[in-house]
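Q: Shown below is the structure under consideration.
4 protein chains.
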Amino acid sequence: MPDLSLPEKLIRWRRDFHRHPELGFCEYRTAARVAATLEALGWGVTAGREVMDPAVRMELPPAAEIAAARAEALRDDADPAWVARFEDGLTGVVGTLDSGRPGPVLAFRVDLDALPVVESDDGAAHAPAREGFASIHSGRMHACGHDGHTAIGLGLATVLPALAPKLRGKIKLIFQPAEEGCRGAGSMVAAGVLDDVDHYVATHLGISAQQTGLVACGVDGFLATTKLDGHFTGVAAHAGVAPHEGRNALLAAATATVQLHAIARHGAGASRVNVGLLSGGAARNIVADRATLKLEVRGATSAINAWMTVEAGRILRASAELHGVQVRVENMGSAGSAICDTALKAAVRRAAARVPGIAQVADTLPMGGSEDATLMMEAVQARGGEATYVLVGTPLPAGHHHPRFDIDEAALSLAVDLHATLAQELLGGTVDPGRLPPQKQ
Amino acid sequence: MPDLSLPEKLIRWRRDFHRHPELGFCEYRTAARVAATLEALGWGVTAGREVMDPAVRMELPPAAEIAAARAEALRDDADPAWVARFEDGLTGVVGTLDSGRPGPVLAFRVDLDALPVVESDDGAAHAPAREGFASIHSGRMHACGHDGHTAIGLGLATVLPALAPKLRGKIKLIFQPAEEGCRGAGSMVAAGVLDDVDHYVATHLGISAQQTGLVACGVDGFLATTKLDGHFTGVAAHAGVAPHEGRNALLAAATATVQLHAIARHGAGASRVNVGLLSGGAARNIVADRATLKLEVRGATSAINAWMTVEAGRILRASAELHGVQVRVENMGSAGSAICDTALKAAVRRAAARVPGIAQVADTLPMGGSEDATLMMEAVQARGGEATYVLVGTPLPAGHHHPRFDIDEAALSLAVDLHATLAQELLGGTVDPGRLPPQKQ
Amino acid sequence: MPDLSLPEKLIRWRRDFHRHPELGFCEYRTAARVAATLEALGWGVTAGREVMDPAVRMELPPAAEIAAARAEALRDDADPAWVARFEDGLTGVVGTLDSGRPGPVLAFRVDLDALPVVESDDGAAHAPAREGFASIHSGRMHACGHDGHTAIGLGLATVLPALAPKLRGKIKLIFQPAEEGCRGAGSMVAAGVLDDVDHYVATHLGISAQQTGLVACGVDGFLATTKLDGHFTGVAAHAGVAPHEGRNALLAAATATVQLHAIARHGAGASRVNVGLLSGGAARNIVADRATLKLEVRGATSAINAWMTVEAGRILRASAELHGVQVRVENMGSAGSAICDTALKAAVRRAAARVPGIAQVADTLPMGGSEDATLMMEAVQARGGEATYVLVGTPLPAGHHHPRFDIDEAALSLAVDLHATLAQELLGGTVDPGRLPPQKQ
Amino acid sequence: MPDLSLPEKLIRWRRDFHRHPELGFCEYRTAARVAATLEALGWGVTAGREVMDPAVRMELPPAAEIAAARAEALRDDADPAWVARFEDGLTGVVGTLDSGRPGPVLAFRVDLDALPVVESDDGAAHAPAREGFASIHSGRMHACGHDGHTAIGLGLATVLPALAPKLRGKIKLIFQPAEEGCRGAGSMVAAGVLDDVDHYVATHLGISAQQTGLVACGVDGFLATTKLDGHFTGVAAHAGVAPHEGRNALLAAATATVQLHAIARHGAGASRVNVGLLSGGAARNIVADRATLKLEVRGATSAINAWMTVEAGRILRASAELHGVQVRVENMGSAGSAICDTALKAAVRRAAARVPGIAQVADTLPMGGSEDATLMMEAVQARGGEATYVLVGTPLPAGHHHPRFDIDEAALSLAVDLHATLAQELLGGTVDPGRLPPQKQ
């Protein structure tokens with residue numbers, strides 16, 4: 322797209338990704354486009370097993386589903402060489418740009434995955450339907466803005482090389498799979514992607530920043546979260562002839578569902594619990610020998626979330642015991658409750674002040690949900706680095722995860738400008754020492 | 322199969338049906354074979370809408386599933402003319418043989434449908450696998466002996482015409498779809514199939530008659546039953562951000578599940594309740610706005626079952642109310658608790674005494690389950706006729722509904738001999754008036 | 322009462338006991354009257370620790386309550402010497418009459434205790450109120466006929482000595498405390514009271530024999546039963562400030578209550594469960610750290626009851642675990658499911674035939690409840706003896722345990738005549754050997 | 322006590338009240354002492370029906386309990402004339418001091434009632450036990466400091482008359498009964514006690530101010546609350562013979578208990594629910610026909626509390642419906658979630674600065690519980706007045722409501738000095754107009 326302006330490119334990328342949504346650990350086409358674009362722009366590219374630990378991925382889809390996603394990506398013109406690099410669902414990509422001068426490492430993180438939502442086809446109310454870039458895969462949709470995030474990442478990949486001669490240190494662009502469900506970040510942390518990062522900036526469109534030109538330098542109110550599955554196994558029996566010979570796994574799961582929601586409120590701050598999915602049983606007239614729960618707990622702090630997780634585990638096991646059945650509890654995902662660093666938020670504020678079109682800057686806006694970017698933030702902060710989570714404002718015709726979710730595409734180039742300026746703030750040759758971030762050794 | 326003996330024919334039929342199991346209201350191939358055979362043997366044949374009231378079928382499969390079954394039957398060589406007669410799942414068939422002489426109407430009833438069971442492929446332990454007539458449709462199996470029942474029906478169709486010149490009255494062979502789940506009999510009753518029947522005999526292989534040569538003239542311990550579905554509808558919400566905005570349909574369903582199992586025991590006799598299936602929710606982090614229960618209640622008498630049904634309905638509605646959600650309760654099937662008539666059981670005993678190979682005759686053996694033949698029995702008894710439910714013994718390598726269920730095929734010709742002899746007992750010219758059944762007006 | 326006829330004496334006794342009802346293990350006055358009367362009539366008398374094992378009494382009242390009952394008895398003219406024999410609630414009495422000739426041991430058993438029921442004061446509808454012998458202890462009432470049973474026992478004590486010269490063997494009159502709740506019989510069994518008994522006859526007025534002159538030689542349908550208490554202990558906490566610091570014992574008890582009622586029906590016969598009492602908590606705004614359940618399970622057979630007991634125990638423990646609290650489960654009573662012996666029922670029938678006024682004799686009538694006489698029956702049958710449970714008919718103005726329960730006092734002398742005649746049947750010198758019961762070694 | 326210093330008097334009063342704790346609406350002796358003292362010091366005194374609306378008192382004790390408290394107070398030397406004024410539990414008292422000059426009305430509020438707590442008798446650890454002023458009424462204790470609050474009220478009654486000549490407006494001393502359970506304030510509001518108040522100051526010792534010399538000018542984090550009782554009524558039945566004839570009130574109550582604790586978390590802020598007491602049933606073998614729950618809900622805002630109250634009501638009713646029983650839901654108390662006014666907090670800060678011994682002043686400390694002073698605060702704020710809730714610091718050997726709760730009595734005179742100085746700040750002749758509170762018309 323050599324003859325397009327950057328805003329035009331951003332829209333072109335975003336709409337392409339919007340049409341081709343891919344679920345977590347299945348982002349073959351998206352990741353292949355990202356990798357090929359980074360490479361063409363001169364970035365060092367690592368991908369697949371280089372940037373993800375296969376063992377710590379949470380709630381990996383069945384192999385058949387991943388294989389189908391891979392085949393679909395190839396049909397949709399994904400580059401077979403890159404697809405091969407992503408092996409079995411290792412769809413993470415990292416681009417690296419080295420200034421050649423000593424200095425800190427700055428990482429920008431965006432996410433790649435879509436949601437299992439049926440997109441609205443109401444052209445009157447939903448621009449993607451009206452303008453022809455709605456999802457071509459029924460039942461999947463970019464309803465959380467990650468299509469825009471990925472486009473912003475490619476926008477940065479486009480503009481930063483020209484700035485590099487004036488910068489110190491290195492820039493990493495992290496393209497993370499499977500943010501939904503908080504399933505992918507841990508794998509990149511485990512693979513060491515954050516091990517050299519001094520400044521970490523994750524970015525999201527919308528959330529509580531709901532007008533174009535508004536930016537939040539950080540967020541608070543991350544809820545730490547743990548995702549659990551409970552698999553109950555009992556003994557089937559004929560419900561008419563010998564109900565007493567059964568061990569009712571469905572009754573255990575129903576008991577657990579009610580009781581999990583009755584975990585005591587925590588006096589020290591917000592807690593959450595939700596059994597979002599339950600399925601069990603084989604036939605109406607058979608005592609059910611199998612049932613599965615999918616649930617999550619959350620807490621305003623990691624400590625509250627840990628307490629909720631302990632409660633939930635005990636309730637699952639005791640509900641099984643109550644009905645004389647077995648239960649296997651599996652950890653399917655988690656995120657922490659990170660705090661955005663003051664100095665880094667100040668740098669974002671300075672950068673924002675330099676970007677035309679950014680009309681309003683908030684120090685902190687509420688997050689009010691969970692994000693596995695927190696795992697990366699914690700990793701960076703644990704080694705003495707700084708991290709923040711930036712919101713780039715956009716009006717929202719409908720909330721996140723809604724079939725009519727959409728963004729103002731004008732926010733995309735504002736986001737690129739903001740982050741590129743931030744890179745200059747943090748890595749620029751002329752920054753005064755007082756503003757220098759902590760140096761890695 | 323002109324050159325085969327009757328026992329050979331029975332086995333041939335039974336194995337053909339065993340290889341091609343079809344679920345309730347989808348028995349296109351089976352019913353077409355039955356109809357064509359009856360016609361070829363000179364029986365009057367009515368079918369489809371003539372013998373079933375489409376409106377009262379319970380738990381009809383989705384139209385797409387019925388259409389797929391129909392297409393499959395055509396691929397498997399079902400006669401297209403007959404298939405067309407069965408329209409959208411009206412797969413019942415009735416054969417009629419009129420002696421031309423005044424007299425009572427005797428009906429024999431067999432059932433056609435198979436079960437959603439994966440048949441064992443263990444040739445060492447399971448004869449159908451070993452001898453090559455196991456189900457060719459994975460996930461469906463004749464695990465309740467209906468393949469044998471249908472073969473017995475065709476055996477009777479074969480032998481009775483030769484006896485007709487010596488009989489009075491009429492014989493009806495009723496081939497009922499969808500006995501599993503007690504879903505099909507009501508439709509045939511509503512269509513008037515039983516309106517002229519004086520003697521009604523339903524037949525089952527096995528149950529509590531578990532040796533070849535043993536016959537029970539009747540059964541007791543039918544449990545009356547009602548099958549219900551509960552569809553709960555609430556309001557989805559983000560479980561982290563706004564759990565209070567949700568109305569949790571899954572929690573309502575889980576509550577109902579536990580509470581249904583806590584319905585008080587009935588002091589007047591056995592009762593049962595089972596929630597066999599529950600599924601609900603959309604995603605782990607969304608308050609579930611949808612959940613469905615499949616349940617059944619039973620009672621030793623129709624009164625107890627009716628009481629259980631009232632309790633279950635109230636509990637489903639109150640569980641919805643408890644969580645502020647909606648529920649729709651659907652009646653998916655039912656059966657009564659009929660009593661076998663003494664005079665008719667005596668006739669079966671006399672017939673059994675005349676059949677070589679029947680070594681042992683029980684007056685009554687326990688049923689201990691539910692059967693919608695009871696609806697036909699009640700219809701016949703309500704008009705002054707008599708009804709019984711005959712068990713024809715067979716050893717069972719594994720219980721009914723088990724993946725290794727099988728029968729001793731020698732029982733098939735014993736069954737045909739017994740029922741043909743019973744026809745002579747009941748409709749023979751020489752029976753003394755004292756043994757005459759009540760005459761219809 | 323030397324100048325009264327036996328029927329007059331029976332009524333006098335019964336009304337005296339009716340006015341002074343005493344709860345289980347508190348029958349000081351009643352037992353003292355019984356013991357003194359037996360002694361005066363020449364019976365050998367054992368009592369207290371001689372006939373009861375203190376350790377196996379179930380649900381013993383608090384010591385203060387027993388002491389108060391003892392004081393009350395002394396105020397109500399109970400013989401202090403006998404009261405002293407009953408120590409701390411050991412209120413059982415056994416009278417023995419030895420014929421001096423070898424022969425079997427025949428035991429008659431009656432029960433002593435009243436119920437915590439407020440007696441009706443409606444003279445128009447309730448004879449005891451009208452005729453001035455209603456309970457003088459508000460909140461206690463002989464609403465199950467044990468006043469009559471005890472009178473029958475004293476009637477037998479009166480008439481049998483005159484018959485003794487014509488009998489063989491021995492007669493025992495067992496006056497059992499605490500039948501209500503099935504709490505007292507086990508203690509007498511453990512003390513060896515039944516160890517030499519060959520024929521055991523327990524007796525009850527009414528139940529399913531509801532007309533004067535009707536006798537049942539035996540009963541069926543005893544429900545075996547186990548009585549359990551669950552004591553839950555958690556941790557209190559301020560429900561507003563720190564609900565998460567609590568461990569909610571009340572929630573555990575409520576969970577157990579619902580789940581106990583959801584124990585699966587048993588396919589082999591009737592089962593029952595009831596949580597009859599629950600109390601817990603200290604204040605509205607405190608997480609409850611204490612709760613207690615009183616429950617019972619029953620089964621048509623001892624095996625079903627044992628299964629129910631296992632289920633209940635597991636549910637109590639798992640409900641505690643579910644809420645992270647402790648539970649102590651205490652066995653508070655039990656009864657079996659005995660079967661009345663055919664030969665002994667036949668002897669009752671022969672005796673009944675000889676009693677004028679007994680107009681109708683049933684072989685067996687339904688019991689439909691629980692009785693700890695079954696523990697004695699089982700003990701006798703276990704050593705090769707025979708046992709039965711005789712019903713002596715009386716019309717019932719209101720059912721057992723009702724505030725207007727009453728009996729036809731004419732039934733009392735019929736009962737005495739029946740049992741005295743039975744003694745002659747069983748121990749008479751002229752019985753033929755074929756009718757002799759099994760002899761102890 | 323003419324010859325004692327004020328600090329000595331305060332300690333004398335406090336210890337006298339501590340020895341004679343009285344529960345809510347039973348504070349006859351305490352209120353009589355207060356009224357008599359006010360009168361002796363020249364205050365106008367209104368009491369009983371003049372200052373309380375009898376109809377809106379929540380959770381009034383049974384009449385017999387109130388009568389017993391009244392008799393006890395008379396035995397303990399309460400003035401019979403004042404006791405008579407308090408009629409049936411109308412134990413509120415208000416003292417009024419009019420400066421005779423126009424100006425605002427300032428109200429100080431203290432509370433009178435004790436708690437149903439057994440006081441520690443451990444002299445080593447508990448000063449009241451060691452020094453001989455522990456409660457003489459076992460099972461009742463001033464474990465929340467109200468004895469000190471009442472003493473502070475009497476201290477103000479002592480010192481303010483001397484200041485009156487220099488003040489404008491009026492001062493009211495409100496002595497409120499039944500603060501525990503949030504049961505008494507509403508009655509005084511309904512009687513119009515707050516209708517002329519411009520400045521309202523409620524006072525508490527301790528809470529989050531836990532050192533002597535520390536004062537908080539206001540609090541935040543009041544949890545709004547509603548107290549509910551649920552009375553379930555079903556139908557009793559014999560649990561062995563006819564369980565199906567029962568309607569189980571206890572099962573309904575247990576269901577409600579579990580389900581109430583499962584009310585969804587509220588996304589907008591803290592919520593609470595606690596079923597603190599449950600009792601039900603009559604006997605182990607009877608289906609329970611009666612059960613009662615005592616519960617409370619709370620919310621960080623009145624809106625959240627209102628939402629919780631609606632949820633709780635629906636759950637109580639639906640739990641009854643689920644088990645086919647009746648329920649009556651009674652509102653037993655409530656409190657709001659008031660906000661302390663900034664200008665009034667500033668006045669407290671100015672006053673505190675003038676009191677020797679007050680070493681540290683916090684603008685706002687957390688409340689973290691519920692208080693029905695909020696109802697008075699809301700009433701004053703609704704008419705344009707200002708309100709705050711002052712904490713006077715004291716170390717706490719054990720938390721509020723604990724058997725070893727105690728205070729540093731030195732805090733009492735600090736509190737009197739602070740409030741008297743505050744009266745000068747607010748009603749002094751020389752205050753500048755800018756600091757004048759809103760004037761009533």
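Residue numbers (my numbering), protein chains in the order written: chain A, 322 to 762; chain D, 322 to 762; chain R, 322 to 762; chain L, 322 to 762.
We treat Cβ as the ideally placed atom computed from N, Cα and C, and that holds for glycine.
Just so it is clear, the structure is predicted and the values come from calculations on it, not from any experiment.
#1: In terms of alpha-carbon separation, which member of HIS470(L), ALA390(L), GLY634(L), VAL404(L) lies closest to VAL711(L)?
#2: Which residues in the same chain as PRO437(L) place their Cβ atom closer than 7 Å to its Cβ, once the five residues preceding and following it in sequence are excluded?
#3: In whole angstroms, give me the CA-to-CA distance for GLN760(A) and GLU348(A).
#4: Counting contacts by CB-CB distance shorter than 8 Å, is GLU329(L) in contact with chain R?
#5: Rounded to whole angstroms, what's the CA-CA distance from LEU331(A) to SER529(L)? Just pull it up for me.
#6: Tell me the DSSP bridge mates of LYS493(L)?
#7: Touching or not, the region 555-568 of chain R and the region 581-593 of chain R, by the rule of three or more beta carbon pairs under 8 Å?
#8: Going by DSSP, what residues sit across from PRO687(D) in a beta bridge?
#9: For VAL540(D) and chain R, any beta-carbon pair shorter than 8 Å?
#10: Have a look at ARG675(L) and ALA732(L) and give me their C-alpha separation to the nearest angstrom.
#11: Confirm, please, whether the CB-CB distance from GLY466(D) to GLY678(D) is below 8 Å.
#12: Looking at TRP364(L) and GLY424(L), is the spacing between their C-beta atoms short of 8 Å?
#13: Quick check: the Cα distance between ASP516(R) and LEU696(R), rounded to an integer number of angstroms?
#14: Span of the beta strand (DSSP E) holding ALA523(R)?
#15: Please confirm whether LEU665(R) and ALA708(R) have their CB atoms less than 8 Å apart.
#16: Could you list the residues in the region 681-697 of chain L with a C-beta less than 9 Å from some C-beta on chain R, going in chain order?
#17: With 8 Å as the threshold, decide whether the Cβ of SER441(L) is near any Cβ in chain A.
#18: Quick check on the burial criterion: 16 or more other C-beta atoms within 10 angstroms. Buried or exposed for GLN497(R)?
#19: Cβ atoms of ALA573(D) and PHE553(D): under 8 Å apart, would you say?
#20: Closer than 7 Å by C-beta to LEU418(R): which residues in its own chain qualify, once you throw out the five before and the five after it? Chain order, please.
#21: Mind checking whether CYS503(D) and SER655(D) have CB atoms under 8 Å apart?
#22: Does the pairing of the region 614-626 of chain L with the region 615-622 of chain R give three or more beta-carbon distances under 8 Å?
#23: Under 8 Å between C-beta atoms, does ALA583(A) make it to chain L?
#24: From the DSSP output, which residues share a beta bridge with LYS615(D)?
#25: Cutting at 7 Å between CB atoms, please list the residues of its own chain near THR578(A), excluding the five before and the five after it.
A: According to the structure data:
#1: Residue mapping note: residue 711(L) aligns to position 390 of the fourth sequence, counting from 1. Taking each of HIS470(L), ALA390(L), GLY634(L), VAL404(L) in turn and checking the Cα distance to VAL711(L), the smallest one comes out for HIS470(L).
#2: Here residue 437(L) corresponds to residue number 116 of the fourth sequence, with the count starting at 1. Here the set comprises LEU344, GLY460, ARG461.
#3: On the first sequence, residue 760(A) is found 439 positions in, with the first residue counted as 1. On the first sequence, residue 348(A) is found 27 positions in, with the first residue counted as 1. Note on GLN760(A): pLDDT 36, under 50, position unreliable in the model; the coordinate value appears next. Going by the C-alpha atoms only, they are around 35 Å apart.
#4: By one-based count along the fourth sequence, residue 329(L) stands at place 8. Closer than 8 Å: no.
#5: Residue numbering aside, residue 331(A) sits at position 10 when the first sequence is read from its first letter. Residue numbering aside, residue 529(L) sits at position 208 when the fourth sequence is read from its first letter. Approximately 54 Å, taken between the alpha carbons.
#6: Numbered from 1 along the fourth sequence, position 172 holds the residue referred to as residue 493(L). LYS493(L) pairs with THR417(L), ALA428(L).
#7: With the cut-off at 8 Å, the region 555-568 of chain R and the region 581-593 of chain R do not touch.
#8: In the second sequence, residue 687(D) corresponds to position 366, counting from 1. ASP541(D), per the DSSP bridge assignment.
#9: Within the second sequence, residue 540(D) is the residue found at index 219, counting from 1. Output row for VAL540(D): interface = no.
#10: Position 354 of the fourth sequence, counted from the start, is the residue given in the question as residue 675(L). Position 411 of the fourth sequence, counted from the start, is the residue given in the question as residue 732(L). Rounded to the nearest angstrom, the two C-alpha atoms are 16 Å apart.
#11: Within the second sequence, the letter at position 357 stands for residue 678(D). Within the second sequence, the letter at position 145 stands for residue 466(D). Not a contact, by the Cβ cut-off of 8 Å.
#12: Position 103 of the fourth sequence, counting from 1, holds the residue named residue 424(L). Position 43 of the fourth sequence, counting from 1, holds the residue named residue 364(L). Not in contact: GLY424(L) and TRP364(L) (Cβ atoms no closer than 8 Å).
#13: As a working mapping, residue 516(R) is identified with position 195 in the third sequence. As a working mapping, residue 696(R) is identified with position 375 in the third sequence. About 13 Å.
#14: As a working note, residue 523(R) is residue 202 in the third sequence. Start and end: 520-526.
#15: Here residue 665(R) corresponds to residue number 344 of the third sequence, with the count starting at 1. Here residue 708(R) corresponds to residue number 387 of the third sequence, with the count starting at 1. For the pair LEU665(R) and ALA708(R), the CB atoms are nearer than the 8 Å cut-off.
#16: Answer set for the region 681-697 of chain L: GLY689, GLY690, SER691.
#17: Position 120 of the fourth sequence, counted from the start, is the residue given in the question as residue 441(L). The C-beta of SER441(L) comes no closer than 8 Å to any C-beta of chain A.
#18: Here residue 497(R) is taken as the residue at index 176 of the third sequence, counted from 1. So GLN497(R) ends up on the buried side.
#19: Reading the second sequence from its first residue, position 232 is the one you call residue 553(D). Reading the second sequence from its first residue, position 252 is the one you call residue 573(D). Their beta carbons are under 8 Å apart, which means PHE553(D) touches ALA573(D) by this criterion.
#20: Position 97 of the third sequence, counted from the first residue, corresponds to residue 418(R). Correct list, in chain order: TRP364, LEU481, PRO482, ALA485, LYS491, ILE492.
#21: Taking the first residue of the second sequence as 1, we reach residue 503(D) at position 182. Taking the first residue of the second sequence as 1, we reach residue 655(D) at position 334. Result yes, Cβ atoms of CYS503(D) and SER655(D) sit closer than 8 Å.
#22: Look at the beta carbons and you see the region 614-626 of chain L not touching the region 615-622 of chain R: under three pairs across the two are nearer than 8 Å.
#23: Here residue 583(A) is taken as the residue at index 262 of the first sequence, counted from 1. It does: the Cβ of ALA583(A) has a partner Cβ on chain L nearer than 8 Å.
#24: On the second sequence, residue 615(D) is found 294 positions in, with the first residue counted as 1. In DSSP, LYS615(D) forms a bridge with ASP550(D), LEU598(D).
#25: Here the question's residue 578(A) lines up with position 257 in the first sequence. Hits under 7 Å: VAL596, LEU599, LEU614.
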